[in-house]
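A.B. asks: The structure follows.
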Amino acid sequence: MLQRNKAVEVSGITKRFGSLVAVDNVSFDVMEGEIFGFLGPNGAGKTTLIRMLTTLMKPTSGEATVGCCDVTKQPAAVRREIGVVPQAMTSDLDLTGFENMDIYARFYGISSKERKDKIAYLLETVGLSARANELVAAYSGGMRRRLEIARVFVHRPKILFLDEPTIGLDPQSRRVVWDFLRKLREEASITIFITTHYMEEAEVLCSRVAIIDSGRIIAIGSPQDLKSQIPGNDIVSLAVENLTDILVDRINHLPFVREVGTEDGNVRIYVDNGAQDLPLLIDEVKSSGGKVLSATVHQQSLEDVFIHYTGKSIREEEGKKVSFLVGAGIPQKWGR
Amino acid sequence: MGPAYPKNGGGDQNMRSVGLRVLAVIERDLKKFRRNPLVVAMSVLLPLIYLVILGHSFQGKLQALPLVVANLDSGPFSRNVMENLRAVEAGPKTFTLVIVGDEKDAIDGIRRGKYKAGLIIPSDFSKRVALKARPEVGLFLDNTDGISSEAVKNAIMGALGSIRSDYVSIRDKSDEIFLRDINLYRQVDYYESLVPGVVIMAIFLGTLTTGAFNVVMDRFLGVDESYLLTPLSKSDIVAGLIISGLFITTIIAVVILAVSMLMTGIHFSRSPQQFASILLIIILTTLCLLSLMFVILGRINHPRVVGILSGFLNVILFFPSGAVYPIASFPQWLKTFAKINPEAYAVDALKGLLFKGADLASIATDIAFLLVFTIVMMTTAIMTFRRTL
């Protein structure tokens, strides 16, 4: 295999907001040309991490090199090499789609002729050519998101950061974005760093994935590697009435069962062949005096990797407490 | 499984639920108010600030108006006049005296804005008093500031009146010291005298809604993040917004100046030099206030705060600027504040240019202050502006 260079090198990066540790001693590398995914629930620290890597926030401790340079020592040099699509929509509503792209391109000192060609190409690629001269205020959420993804390519970044790029998009638009990212990556051979809480996105798009929970990396590797770390191939989920520890223990002792976990009255049973083993499992529950209310069998996914490592499924975390000063127009960090 | 989802209650048509809804709206509003300590504090403080600033900008007696005296007479009666003037200087303190050797120095000083008025006691004054041959003194007035010149004139009349009663009989008219007041400029009425202030207010409003306000709005709408991710530097952002704000505000100010001159009937000399000088002051004042706004609004992220600050800044900058009432009427603390208030220098410069036909040399102090203030504020703005979220 070809020896590749590191595009992103992070060691022991930490960000604290008062007593809250948003990112806790995180280290990882991203190789050039990779699509690297950060997978985790909302509030896991993904956005904070991306903001530190893209020079918008200073880490409390630790180091990160993005492209050529250290993010805290040479932020300006880092900014010239990267392109970022933040999670929140940031295109200017008072400008047209074309004007948004044009102004952005001028920030990078791109000449007028080059701008025109590039913007036309990019707007065509994301299907916005026909609406290029309309105010962004008139765009739908999906259009605005596509514009923002297209915008980041005007200066051909070496490393692209996308923070939840398909959040709130319908499945169709999501696929358009995925295809677009793959296409641009192949054509421009850039490194892509993406955060997501969609398992499917991580599985379909990423060559490697880091699973993050409560600010810490809990597993890292290719989707296949990560899945191979959990026992079996399939997962049988049973909803059982009056689930007892004795019953769980009995299931666990069946010869074909690799591992058992419980969550809210459901039993998750890791097996090699779910379709074949399901009837046997239902029989076992019955013979122990239990009652199966429902049953599902599915192939292991990254979601199961997440559950395996954290003991919980990916869901919304409780919202962060907002400082009382926010509404007064004073940045939250003053109140902390 | 968590606890069961609670059952629905009654309908929402009865009076009780109407009350609930109204209460909910009220409560939401009160909560928002309570959670904005700065806005709450300012809404309480602002009327009180108005009380203090307005109360002291208009009500005070005019004091310490600079009066230049050229006493060309060495006789006893002129010494008497001087004593009486010193008594006014020590007592009601209407003016402070500056003694010069000749008439020309006095008049030049007034023209350069150093003095509000100049009293010339001619060399034959004592002789004429003694002879009761209609003694006369000359009073040169900076009549562009009607309120101040009126106050000086009245105080001097008082001082001269007491000489007369000491030395001559009341019934004899020929003894009366005749005060010949000479207006140095075309008469400026109060309506006209407000025009410089109105132009400065236009500049204030222009600089408040351009420049740094864009940063506040971008922050509020979350658009700033994408700009901060580009190679734009702090000085790119500050300089760019100041230049666009300068362009817009200058146009507004020139339009306001032209319209208000037409409305009040101020004479315009049509000399390109005068126009260029006025434009220079407008540009300098705009730069000055734009930089100040950047320092003040640099870290604000909600337009509501800008709204409340605009009221506050306007009252503390505009009224103590001398635009509506002479600074000489202010108490000492407000006079001191006027010394660091850029709007006071801008008003003074514009009054000079509009009403006295002054050249740039005579408003050099104003220009120097505005320049220094701008440089200090712009440096502070670039230093304190945060390029991180």
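Chain order of the listed sequences is B and A. 426 is the number that my numbering gives to position 311 of the first sequence; each next residue is one higher, with no gaps. 356 is the number that my numbering gives to position 348 of the second sequence; each next residue is one higher, with no gaps. Backbone N, C-alpha and C fix where the C-beta goes; we use that ideal spot for every residue, glycine too. Predicted model, so just to flag it, every value in this text is computed and none were measured.
1) Under 7 Å, CB to CB, which of the residues in the segment 214-227 of chain A have a partner in chain B?
2) Quick one: residues in its chain with C-beta nearer than 6 Å to the C-beta of K122 of chain A, no 5 flanking neighbours on either side, listed in chain order?
3) Assess contact between the segment 346-357 of chain A and the segment 374-391 of chain A, defined as three or more Cβ pairs (one per stretch) separated by less than 8 Å. Is contact present?
4) Residues in the same chain with beta-carbon distance under 7 Å from T169 of chain B, minus the five sequence neighbours each way, listed in chain order, please.
5) Can you name the residues of chain A whose CB is closer than 7 Å to the CB of A390 of chain B?
6) What does DSSP give as the partner residue(s) for P201 of chain B in the beta ladder?
7) Of all the CB atoms in chain B, is at least one closer than 8 Å to the CB of G230 of chain A?
8) Counting only the same chain and skipping the five closest in sequence on each side, list residues whose C-beta sits under 7 Å from that of G360 of chain A.
9) Within the 8 Å Cβ cut-off, does L237 of chain A reach chain B?
10) Closer than 8 Å by beta-carbon distance: list the chain A residues that pair up with A191 of chain B, in chain order.
11) Sorted by chain position, which residues of the same chain lie with C-beta nearer than 7 Å to L378 of chain A's C-beta, five sequence neighbours on each side aside?
12) Does H413 of chain B come out as helix, strand or coil in the three-state DSSP assignment?
13) If I measure Cβ to Cβ from C183 of chain B and keep anything under 7 Å in the same chain, skipping five residues before and after, which residues do I get?
14) Assign S255 of chain B to buried or exposed, taking buried as 16 or more other Cβ atoms, counted over all protein chains shown, within 10 Å of its Cβ.
15) Cβ of I383 of chain A within 8 Å of Cβ of I57 of chain A?
16) Please list the terminal residues of the continuous beta strand (DSSP E) segment that includes T180 of chain B.
17) Straight-line CA distance for V145 of chain B to P338 of chain B?
18) Does the count of Cβ pairs from the segment 251-263 of chain A and the segment 221-236 of chain B closer than 8 Å reach three?
19) When burial is assigned at 16 or more other CB atoms within 10 Å of the CB, is E316 of chain B buried or exposed?
20) Are there any heavy atoms of the ligand FAD lying less than 7 Å away from the beta-carbon of V292 of chain B, as far as the coordinates show?
21) Can the beta-carbon of Y198 of chain A be found closer than 8 Å to that of N151 of chain A?
22) Could you say which of B:E149, B:I264, B:L341 lies nearest to A203 of chain B if we only look at CA atoms?
23) Considering only the alpha carbon of each residue, which of B:V382, B:L135, B:R259, B:D278 lies closest to G61 of chain B?
24) Secondary structure at P55 of chain A, three-state DSSP: helix, strand or coil?
25) Closest to H413 of chain B by C-alpha separation, out of B:D387, B:S403, B:T425, would be which residue?
26) Using 10 angstroms around the beta-carbon of D364 of chain B, count the other beta-carbons present and answer buried if the total reaches 16, otherwise exposed.
27) Let me see if you follow: with CB-CB separation under 8 Å, is F222 of chain B close to chain A or not?
28) Report the rounded CA-to-CA distance for A266 of chain A versus F276 of chain A, giving the unit in angstroms.
29) Whole angstroms are fine: how far does the CA of M225 of chain A sit from the CA of F338 of chain A?
30) When DSSP labels each residue in this structure, what does N5 of chain A get in the three-state scheme?
31) Which chain B residues sit within Cβ distance under 8 Å of E233 of chain A?
32) Which class does Y199 of chain A belong to by DSSP, given the choice of helix, strand or coil?
33) Return the Cβ separation of L171 of chain B and F153 of chain B in integer angstroms, given the expectation that the two are a contact with Cβ distance under 8 Å.
34) If you draw a straight line from the alpha carbon of K401 of chain B to that of S288 of chain B, how long is it in whole angstroms?
35) Using 8 Å as the limit for Cβ to Cβ distance, is R259 of chain B near chain A?
36) For I150 of chain B and V319 of chain B, I'd like the C-alpha separation in whole angstroms.
C.D. replies: Looking at the coordinates:
1) none
2) Here residue 122 of chain A refers to the residue found at position 114 when the second sequence is read from its first residue. Answer for K122 of chain A: no residue qualifies.
3) Counting Cβ pairs under 8 Å, three or more are found: they touch.
4) Within the first sequence, numbered from 1, the residue matching residue 169 of chain B stands at position 54. Taken in chain order, the residues that qualify are I197, V199, F276.
5) The residue labelled residue 390 of chain B in the question sits at position 275 within the first sequence. Under the 7 Å cutoff, chain A gives no residues; its nearest Cβ is about 28 Å from A390 of chain B.
6) On the first sequence, position 86 is the one that residue 201 of chain B refers to. According to DSSP, P201 of chain B bridges with nothing at all.
7) Here residue 230 of chain A corresponds to residue number 222 of the second sequence, with the count starting at 1. Taking Cβ atoms only, chain B reaches closer than 8 Å to G230 of chain A, which makes this a yes.
8) Translated into the one-based positions of the second sequence, residue 360 of chain A becomes position 352. Correct list, in chain order: G121, A366, S370, I371.
9) For the purposes of this step, residue 237 of chain A is taken as the residue at position 229 of the second sequence. Yes, its Cβ sits closer than 8 Å to a Cβ of chain B.
10) Against the first sequence, residue 191 of chain B aligns to sequence position 76. Going along chain A in sequence order, the residues near A191 of chain B (Cβ under 8 Å) are P239, S241.
11) Position 370 of the second sequence, counted from the start, is the residue given in the question as residue 378 of chain A. Correct list, in chain order: L292, T293, C296, P350, Y353, A354.
12) Within the first sequence, the letter at position 298 stands for residue 413 of chain B. Reduced to three states, the DSSP call for H413 of chain B is strand.
13) Here residue 183 of chain B corresponds to residue number 68 of the first sequence, with the count starting at 1. Answer for C183 of chain B: A192, E196, listed in chain order.
14) Here residue 255 of chain B corresponds to residue number 140 of the first sequence, with the count starting at 1. With fewer than 16 other Cβ atoms within 10 Å, it is exposed.
15) Position 375 of the second sequence, counted from the start, is the residue given in the question as residue 383 of chain A. Position 49 of the second sequence, counted from the start, is the residue given in the question as residue 57 of chain A. 8 Å or more divides the Cβ of I383 of chain A from the Cβ of I57 of chain A.
16) Here residue 180 of chain B corresponds to residue number 65 of the first sequence, with the count starting at 1. Taken as a continuous stretch (DSSP letters only), the beta strand (DSSP E) holding T180 of chain B covers 176-181.
17) Reading the first sequence from its first residue, position 30 is the one you call residue 145 of chain B. Reading the first sequence from its first residue, position 223 is the one you call residue 338 of chain B. Taking the straight line joining both Cα atoms gives about 15 Å.
18) no
19) Position 201 of the first sequence, counted from the first residue, corresponds to residue 316 of chain B. When all chains shown are included, E316 of chain B counts as buried.
20) This structure lacks the ligand FAD, and indeed carries no ligand of any kind.
21) Counted from its first residue, the second sequence places residue 198 of chain A at position 190. Counted from its first residue, the second sequence places residue 151 of chain A at position 143. No, they are not a contact pair.
22) As a working note, residue 203 of chain B is residue 88 in the first sequence. Minimum Cα distance to A203 of chain B is reached at B:I264.
23) Since the first and last residues shown for chain B are 116 and 451, residue 61 of chain B lies out of range.
24) Residue 55 of chain A sits at position 47 when you count from the first residue of the second sequence. Here P55 of chain A carries a helix assignment [DSSP, helix/strand/coil].
25) Against the first sequence, residue 413 of chain B aligns to sequence position 298. The shortest C-alpha separation from H413 of chain B is found at B:D387.
26) Here the question's residue 364 of chain B lines up with position 249 in the first sequence. Classification of D364 of chain B: exposed, given that the 10 Å Cβ count is below 16.
27) The residue labelled residue 222 of chain B in the question sits at position 107 within the first sequence. Among the CB atoms of chain A, one or more fall inside 8 Å of the CB of F222 of chain B.
28) Within the second sequence, residue 266 of chain A is the residue found at index 258, counting from 1. Within the second sequence, residue 276 of chain A is the residue found at index 268, counting from 1. Whole-angstrom Cα-Cα distance: 10 Å.
29) Counted from its first residue, the second sequence places residue 338 of chain A at position 330. Counted from its first residue, the second sequence places residue 225 of chain A at position 217. Going by the C-alpha atoms only, they are around 37 Å apart.
30) Only positions 9 to 397 of chain A appear in the structure, and residue 5 of chain A is not among them; the question remains open.
31) Along the second sequence, read from residue 1 onward, the residue named residue 233 of chain A stands at position 225. Under the 8 Å cutoff, chain B gives L171, P201, A203, T205.
32) On the second sequence, residue 199 of chain A is found 191 positions in, with the first residue counted as 1. The answer is helix: DSSP assigns Y199 of chain A an H, G or I state.
33) Position 56 of the first sequence, counted from the start, is the residue given in the question as residue 171 of chain B. Position 38 of the first sequence, counted from the start, is the residue given in the question as residue 153 of chain B. With a Cβ gap of about 16 Å, L171 of chain B and F153 of chain B do not count as contacting.
34) Against the first sequence, residue 401 of chain B aligns to sequence position 286. Against the first sequence, residue 288 of chain B aligns to sequence position 173. Taking the straight line from one Cα to the other gives about 45 Å.
35) By 1-based counting over the first sequence, the position of residue 259 of chain B is 144. Taking Cβ atoms only, chain A never reaches closer than 8 Å to R259 of chain B, which makes this a no.
36) As a first step, residue 150 of chain B is located in the first sequence; it is residue number 35 there, counting from the start. As a first step, residue 319 of chain B is located in the first sequence; it is residue number 204 there, counting from the start. Roughly 10 Å separates the two Cα atoms.
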